[in-house]
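Numbering (our numbering), first residue to last: 449 to 1174. Worksheet for the structure shown next.
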């Protein structure tokens, strides 16, 4: 009885005779050149050759394989899979007539066993593969590979772990972990029709009904902090340099940057270095990838082991756009982003991108003092376009969701919301107490890791007497100062009386001290000066408050509560003129009623609106004629009001236009004196001669004139004293 070995020997002899019975020498030459071309295309890369023989073993349903080099001559691969039979022998000796062409359970389309002579390169390739063990993730059957090279290394793959995890082990130690997702895709009829007509498509693809696709996401065990929050590990997005397409074994196709490894029956060239972009099969696979990734994210996000880590697998659009495979993926990606409900809200509902809002403030979590319905209503009302937000749209911020355009709720929006009628109509005193407690915990030493990225001074959270929320800098504790005790008709802003009474309770002592430390204090005229007037000095004065404010400051001045420092800070304060306009204090002159040393009003009142109103004095109840007027002059001089003439020395070029900005009257800048200013000139120069040292006015000055690029404009001309005075 013949054994398999003798049967194969007979088959080998028959094939040898059949394939070498050359009737003409040209047949041998053609055969040799064909084999040379075929082998140089397929196996010029030794790693590729090793992949192919491993794939053959996997197709033979091997579980365990060993790869080694014997006697520095022979590359051996031994496995426990199906032995070679006559059919395999015929396939390996034929050209494009392998046993895998119609077998859907086989990975490849061809099978070859070629003896290579360069043992050193094979040895180097084996060592390189040991360094990349994850490359064997998608083998169907092999679970352990032993490499007998200079050392003994074993790569094993633990399958069927919970949550779809696979461990890739090297020498029994975990090298990497992966979450594997297997998909079985129904092939639509129109694709089957296209495949049946595609002469380039492998025969076994032309009549299949389903296609396999695998995703592999890299995973590292999660590390949690004391609060149980994940601080590192979990699902990881692939680095771009690691993103390679698999056709059960890796290809050399790196240009498609996916966040996961993707394995499918991609049609590539013989040595797996290029993918066929014109293949309708590949185009269909690329069209499916985006939707299947989002469906997988949807599945993972519901799993509490992975939860929001799944968003790390959100793909990006591919480049370049002129690639048909890229275009098919990008078009599918755009559809999925808008229609797939893969985002999990705080009630574990799955929502679409346009239905959610990322809350950067965490206010939507504070239901004890934030009305979520009002918050949503405010956002919708202030949207520029119509929105489709879910009833519970709020989620935490996520970088990956931000990159695909999920709407954000920022602190700027939150601050405006706190000021809005929509929010305030549902915000009660009890809720304000809890709001104050929340910010106290977040910003005091109680919570050292507050997670807040905004200064507390920017947040209006203190309820005032009018039931509106105020910033710390704008509000005071109630006090009986000038009749202001926190009533609704007060022009000043005070902490709501009920809130203030609550803050005065023993239990809230720490909160009140914290608020005082931040700048909330009982309102006195001096605290009001420092906290409200000085920080807003240029804009604080209005026609409505001009008299009252200056009156308050004058009383502080009489009490010696205002020092030179405060006066310097108040020089940008605006004062009322005799014409009822507001002018900077340092640009004002006393009107004649203040009895200044130099009474200019009579001469210039028709030309200049700079004379200080006397209403400040007449409205003051405790006026004591001359003594009081002297005090008022001292007070206003401190603010910068001028009572006489003094030279202003400018150590730089000054154009006539700049002079006008210094509030000089334009007609005084002309080269000739006006005809109607003789009396004023007599008065003016009389005072100048008496009170200003001549040497100040007789200093030589330089004037600049002419075209900007000429000497007169660049170097100027030094004038004689007589010329200047005249």
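We put the beta carbon where it would ideally sit given N, CA and C, even for glycine.
Check, Outcome
"For residue 806, write down the residues that DSSP places opposite it in a beta bridge.", "843, 856"
"Between the C-alpha atoms of residue 892 and residue 971, what's the straight-line distance to the nearest angstrom?", "24 Å"
"Assess contact between the segment 668-687 and the segment 754-770, defined as three or more Cβ pairs (one per stretch) separated by less than 8 Å. Is contact present?", "yes"
"Along the chain, where does the alpha helix (DSSP H) containing residue 1133 start, and where does it finish?", "1126-1139"
"Distance, Cα to Cα, residue 946 vs residue 911?", "10 Å"
"Would you check if the distance between the CB atom of residue 643 and the CB atom of residue 649 is smaller than 8 Å?", "yes"
"Give the secondary structure of residue 787 by DSSP, where H, G and I count as helix, E and B as strand, and everything else as coil.", "helix"
"Excluding sequence positions up to five away, which residues of its chain have a Cβ less than 8 Å from the Cβ of residue 611?", "627, 751, 753, 754"
"Please classify residue 943: is it buried, with 16 or more other beta-carbons within 10 angstroms of its beta-carbon, or exposed?", "buried"
"Please identify the residue among 704, 465, 696, 720 whose C-alpha is closest to the C-alpha of residue 712.", "696"
"Do you know how far the Cα of residue 974 is from the Cα of residue 791?", "54 Å"
"Return the CA-CA distance between residue 914 and residue 978, expressed in angstroms with no decimal places.", "23 Å"
"What's the call for residue 980, buried or exposed, on a 16-neighbour Cβ count within 10 Å?", "buried"
"Measure from the alpha carbon of residue 517 to the alpha carbon of each residue in 848, 460, 598, then state which is nearest.", "598"
"Using CA atoms only, rank isn't needed, just tell me which of 1026, 693, 689 is closest to residue 1066.", "1026"
"Which class does residue 1156 belong to by DSSP, given the choice of helix, strand or coil?", "coil"
"Have a look at residue 828 and residue 920 and give me their C-alpha separation to the nearest angstrom.", "28 Å"
"So, do the segment 772-783 and the segment 729-739 have three or more beta carbon pairs nearer to each other than 8 Å?", "yes"
"Where residue 1161 and residue 916 are concerned, what is the direct C-alpha to C-alpha distance, given to the nearest angstrom?", "60 Å"
"Residue 468: buried (16+ other C-beta within 10 angstroms of its C-beta) or exposed?", "exposed"
"Examine the Cβ distances between the segment 1053-1067 and the segment 1012-1027 and report whether three or more of them are shorter than 8 Å.", "yes"
"Report the residue ranges of all beta strand (DSSP E) runs contained in full by the segment 696-737; include only those spanning at least 3 residues, in chain order.", "709-712"
"Does the beta-carbon of residue 1153 have 16 or more other beta-carbons within 10 angstroms, so that it is buried, or is it exposed?", "exposed"
"Return the chain-ordered list of same chain residues with a C-beta closer than 8 Å to the C-beta of residue 787, the five sequence neighbours on each side being excluded.", "800"
"Going along the chain, which unbroken runs of the beta strand (DSSP E) with 3 or more residues stay wholly within the segment 1000-1074?", "1022-1024, 1030-1032"
"With three or more beta-carbon pairs closer than 8 Å as the criterion, would you say the segment 862-871 touches the segment 816-825?", "yes"
"Which class does residue 817 belong to by DSSP, given the choice of helix, strand or coil?", "coil"
"What is the residue span of the beta strand (DSSP E) that residue 601 lies within?", "600-606"
"Under a three-way DSSP split, which group does residue 801 fall into?", "helix"
"Leaving out five residues on either side along the sequence, give the residues of the same chain with a beta carbon under 6 Å from the beta carbon of residue 906.", "none"
"Count the other C-beta atoms from every protein chain shown that fall within 10 angstroms of the C-beta of residue 744, then say buried if there are 16 or more, exposed otherwise.", "buried"
"What's the gap between the Cα of residue 984 and the Cα of residue 922?", "11 Å"
"To the nearest angstrom, how far is it from the Cα of residue 521 to the Cα of residue 701?", "32 Å"
"Going by CA-CA distance only, name the one from 885, 1004, 511 that's closest to residue 960.", "885"
"Pick from 1126, 1157, 1095, 1158: whose alpha carbon is nearest that of residue 1146?", "1095"
"Please list, in chain order, all residues of the same chain as residue 789 whose beta carbon is under 8 Å from its beta carbon, the five residues on each side excluded.", "746, 798, 799, 800, 803"
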